[in-house]
Structures are given as structure tokens and as C-alpha cells.
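Colleague:
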Amino acid sequence: MATRAYIRRKPLDPEFTRERARKARAAQLSVEHYVQKIAESRSELTDEHIARLRSLLVPAGGATE
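According to the working numbering, the sequence shown is numbered sequentially starting from 2.
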């Protein structure tokens, strides 16, 4: 069995790394991310959770469809 040689990678540019981390964190804090997480865990939502989400998602005018 052949062993794979360890190849040392060149360190990434600190500015590039910082920018990549900033973008990743911004994506984690986006509304889309939270909606996706709620959708993924919909089987775990209780009636209380659903009622709370409904109250948060009512349009500003208070009208419901």
C-alpha cells in the first residue's frame, strides 16, 4: 500500500482569509439562513413555536390572507 506524501499548502493571504470569514459570518446572520434553519427543523416545531412565528410574520397593517 502506497502512502500519500504530505504536501504543505502555502498559507492563505490574511486579507483573503479575513474577507472570507466576514462573508461567511454575514451569510450566517442573513434572513435567508434563519428561514432555511426553521424549514429544516419544521418537524421539531411545537404549536407554540408556530403561533409565535405566525405573529412575527403578520404584515405591518395587521391584515391576514
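Think of the CB as a built atom: it goes at the ideal place given N, C-alpha and C, for glycine as much as any other residue.
Taking DSSP as the reference, what is the three-state secondary structure of Y7?
Modeller: It is coil, neither helix nor strand.
Colleague: What is the DSSP secondary structure of L30, reduced to helix, strand or coil?
Modeller: The answer is coil: DSSP assigns L30 none of H, G, I, E or B.
Colleague: Between H34 and A28, which are expected to be in contact by the criterion C-beta below 8 Å, what is the C-beta distance as a whole number of angstroms?
Modeller: Their Cβ separation, rounded to whole angstroms, is 6 Å, which keeps H34 and A28 in contact under 8 Å.
Colleague: For L46 versus L54, is the C-beta spacing smaller than 9 Å?
Modeller: Cβ atoms of L46 and L54: closer than 9 Å.
Colleague: Report the three-state DSSP secondary structure of S44 (helix, strand or coil).
Modeller: It is helical.
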